[in-house]
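Here the structure is laid out as structure tokens; the discussion comes afterwards.
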Amino acid sequence: MFLISGGQIVGIIVICIVLLAILVYLITRIRIVKQTSKYIIERLGAYHATWSVGIHFLLPFVDRIASVVSMKEQVKDFDPQPVITKDNVTMQIDTVVFYTVLDPKLYTYGVENPIFAIEKLSATTLRNIIGDLELDATLTSRDIINSKMRSILDEATDPWGIKVNRVEVKNILPPQDIRDSMERQMRAERERREKILLAEGDKRSKILQAEGDKESQILRAEAEKEAMIKKAEGEAAAILKVKEAEAAGIKALREAEAAGISLLKDADASKQVLTMLSYEALEKVAEGKATKLIIPSNIQDLVTNISTISETLKENKE
0 MFLISGGQIV GIIVICIVLL AILVYLITRI RIVKQTSKYI IERLGAYHAT WSVGIHFLLP
60 FVDRIASVVS MKEQVKDFDP QPVITKDNVT MQIDTVVFYT VLDPKLYTYG VENPIFAIEK
120 LSATTLRNII GDLELDATLT SRDIINSKMR SILDEATDPW GIKVNRVEVK NILPPQDIRD
180 SMERQMRAER ERREKILLAE GDKRSKILQA EGDKESQILR AEAEKEAMIK KAEGEAAAIL
240 KVKEAEAAGI KALREAEAAG ISLLKDADAS KQVLTMLSYE ALEKVAEGKA TKLIIPSNIQ
300 DLVTNISTIS ETLKENKE
């Protein structure tokens, strides 16, 4: 049997502790890289590799992680910057930059502080662009400003491994007196538009009313015309009926005359007919405008003679 002294036990414990410490240290040197990150590794102070997704091991006392770079699109809101327009108006403009890191190595070693560099570059670029625009153009040309800034910043940040995707002008703040003047101008413009709309509405109302009166008069005139036409047609129809009755009477007399019927064959009938004709003649004369009427005295004699001739013809026939 081997006997273990107390000193050996202490030595074994120390060795176990050392081995455990080494194991723990080695475990801590293991790195798991996520999908959206890149690790920049330096070995003995120099760039060694860029780690992507997976499990990696850092050599003890040799390798170190220089930086961890996020590959997501990032947003940086910069503080308002004082700028001067072409017409010497000082205003405050703040911008928002959307960027993505394309090359982690250039991002790490290209510039000391990439975000600070982008901020200063954005401020100087904004001053150059606004310096060529007047106040009114600045307030209405956000898209032009955004496009120019994105193009300039994207080109300037290529050596840093950065891709500028978008630049947005967040706020444009003119001086207070300029804002007050603009507000008064806008109020005056709104009042002017209101007056124009009211005037146009009144004009349209009067036009519609005039058109309504015109159509009403036209319809009234057409109705009167139709009434007059109907009245004339009725009178014409009445006259036509009278003439047709007269024509029928004349036709009947002619037919009777053609059949050999003479008024003289019937003295009484002839007498009555002549009497009626005389009355009709007198009535027509009376309807005239003359104030004096002369009636022949031999009308009765004429009737008597006709009766006598009729009797004689009747006796001869018998």
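Going by numbering that gives the first Met the number 0, the first residue of the sequence shown is number 0, and it counts up by one from there. Beta carbons are placed, not taken as given, at the ideal position from N, Cα and C, and that holds for glycine.
DSSP, read as helix, strand or coil, puts residue 71 in coil. Beta-bridge analysis with DSSP links residue 38 to 50, 67.
Counting other Cβ atoms within 10 Å of its Cβ, residue 65 reaches 16 or more and is therefore classed as buried. Residue state for residue 28 is assigned as coil, using DSSP reduced to three classes. Excluding the 5 residues flanking it on each side, residue 125 has same chain C-beta neighbours closer than 7 Å at 80, 82, 92, 94, 148, in chain order. Note on residue 24: under 16 other CB atoms within 10 angstroms of its CB, so exposed under the neighbour-count rule. In terms of Cβ geometry, residue 67 and residue 38 form a close pair [threshold 7 Å]. A straight-line Cα-Cα distance of about 29 Å links residue 13 and residue 63.
In the three-state DSSP reduction, residue 133 falls in the coil class, being neither helix nor strand. From the listed residues 60, 254, 137, 77, the smallest Cα separation to residue 116 is found for 77. For the beta strand (DSSP E) assignment, the uninterrupted runs of no fewer than 3 residues enclosed by the region 118 to 193 are, from N- to C-terminal side, 161 to 172.
When secondary structure is reduced to three states using DSSP, residue 77 falls in the coil class, being assigned neither helix nor strand. Straight-line measurement puts the Cα of residue 84 at about 18 Å from the Cα of residue 120. Here the C-alpha atom of residue 106 lies approximately 17 Å from the C-alpha atom of residue 44. A Cβ-Cβ separation of about 6 Å places residue 72 in contact with residue 164 under the 8 Å criterion.
Straight across, the Cα-Cα distance linking residue 207 with residue 200 is about 11 Å. Taking one beta carbon from each stretch, the region 45 to 59 and the region 25 to 33 have 3 or more pairs nearer than 8 Å; the two touch. Pairing residue 134 with residue 88 gives a Cβ-Cβ distance under 7 Å. In this structure, residue 161 sits near residue 98, with a CB-CB distance shorter than 7 Å. When only Cα atoms are considered, residue 226 and residue 215 end up about 16 Å apart.
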